[in-house]
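Following our numbering, the numbering of the sequence shown begins with 8 at its first residue and continues without gaps. From the three backbone atoms N, C-alpha and C, an ideal C-beta is built for every residue, glycine too. On a predicted model such as this, the values are computed, not experimentally measured, just so you know.
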Amino acid sequence: MPSGPCAGAEIDNLESVLKSCEVPMPKAAELPGSVKDKLEVTLSSTTPAVSPGGSGEVTLTLKNKHTEPLPLFFSGDPPHFEVEILDGRGRRANAPKEKSPADPDKGRDTKAARVTLAPGGVARLHLTWHAVKLKWAPEKLKTWDGRGSFPTAPDGPLPRGKYTLRAVVPLLGVFERGGIERPKTSVDVR
């Protein structure tokens, strides 16, 4: 198994580690394929209740349940993780109302990063989420780092209620064909 910051049994700051694990974009044959029995992806909240407009934190955990090392590929330059807020009907509660502006990054070469989890290995990432609605923020394009979707800005607090947080994880091949659902957790805005 490879060694160094891009491989191991315990990776505590995954987003930071991925910045030093850049590789060429993998071909489909290089992706791990079905990982349903090999990879466990969970999302847990350390702040299950926040006030409207407040902030909370979630922890994304990737665990290799297999007896062999598990290579994982992430898209992005560097990979970008986000938290989506869903209402009781499963619709985005925090998404901007208008259609997304044109992607200023279109045509840019997409890169990847690779980490290899040892058997039983765990990688963790802490993400902050905000109980706010969003609007598009074209004024941020000059300082935007080009990661993820078009830049946004807060547009008022979310109403009180029960919501589901869903992590947007740029894992290649895992959610599309790997048999694993995107990780979710429940929270209250009160």
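Opening and closing residue of the beta strand (DSSP E) in which residue i lies
{"i": "Ser107", "result": "Looking at the DSSP string, Ser107 is not in any beta strand (DSSP E), and its letter there is neither H nor E."}
{"i": "Asn71", "result": "Ser62 to Asn71"}
{"i": "Ala16", "result": "Ala14 to Ile18"}
{"i": "Val90", "result": "Glu89 to Leu93"}
{"i": "Val42", "result": "Note, Val42: premise wrong, no beta strand (DSSP E); not H, not E."}
{"i": "Val139", "result": "Val139 to Trp143"}
Local conformation of residue i per DSSP, three classes
{"i": "Leu25", "result": "helix"}
{"i": "Phe157", "result": "coil"}
{"i": "Lys34", "result": "coil"}
{"i": "Lys149", "result": "coil"}
{"i": "Val181", "result": "helix"}
{"i": "Pro78", "result": "strand"}
{"i": "Ser51", "result": "strand"}
{"i": "Gly128", "result": "strand"}
{"i": "Arg197", "result": "coil"}
{"i": "Asp168", "result": "Looking at the sequence itself, residue 168 is Gly, so the reference to Asp does not match. The answer is strand: DSSP assigns Gly168 an E or B state."}
{"i": "Asp84", "result": "coil"}
Supposed close pair residue i, residue j - CB separation, criterion 8 Å
{"i": "Trp143", "j": "Pro85", "result": "Between Pro85 and Trp143 the Cβ distance is about 23 Å, and since that is not below 8 Å, they are no contact."}
{"i": "Arg189", "j": "Ala174", "result": "6 Å"}
{"i": "Leu165", "j": "Val90", "result": "The pair is not a contact, with the Cβ atoms about 13 Å apart (cut-off 8 Å)."}
{"i": "Leu178", "j": "Leu77", "result": "That pair is no contact at about 11 Å."}
{"i": "Ala14", "j": "Thr192", "result": "Incorrect: roughly 28 Å between the Cβ atoms, too far for contact."}
{"i": "Ala119", "j": "Val30", "result": "5 Å"}
{"i": "Arg131", "j": "Ile18", "result": "7 Å"}
{"i": "Glu64", "j": "Thr53", "result": "5 Å"}
Local Cβ density within 10 Å of residue i, reported as buried at 16 or more and exposed below that
{"i": "Asn20", "result": "exposed"}
{"i": "Gly69", "result": "Note that residue 69 is Leu in the sequence shown, not Gly. Under this definition Leu69 is a buried residue."}
{"i": "Lys140", "result": "buried"}
{"i": "Thr49", "result": "exposed"}
{"i": "Pro39", "result": "buried"}
{"i": "Ala138", "result": "buried"}
{"i": "Pro145", "result": "exposed"}
{"i": "Leu148", "result": "exposed"}
Min CB distance residue i to chain B below 8 Å
{"i": "Phe157", "result": "This model lacks chain B altogether, as it is built from one protein chain only."}
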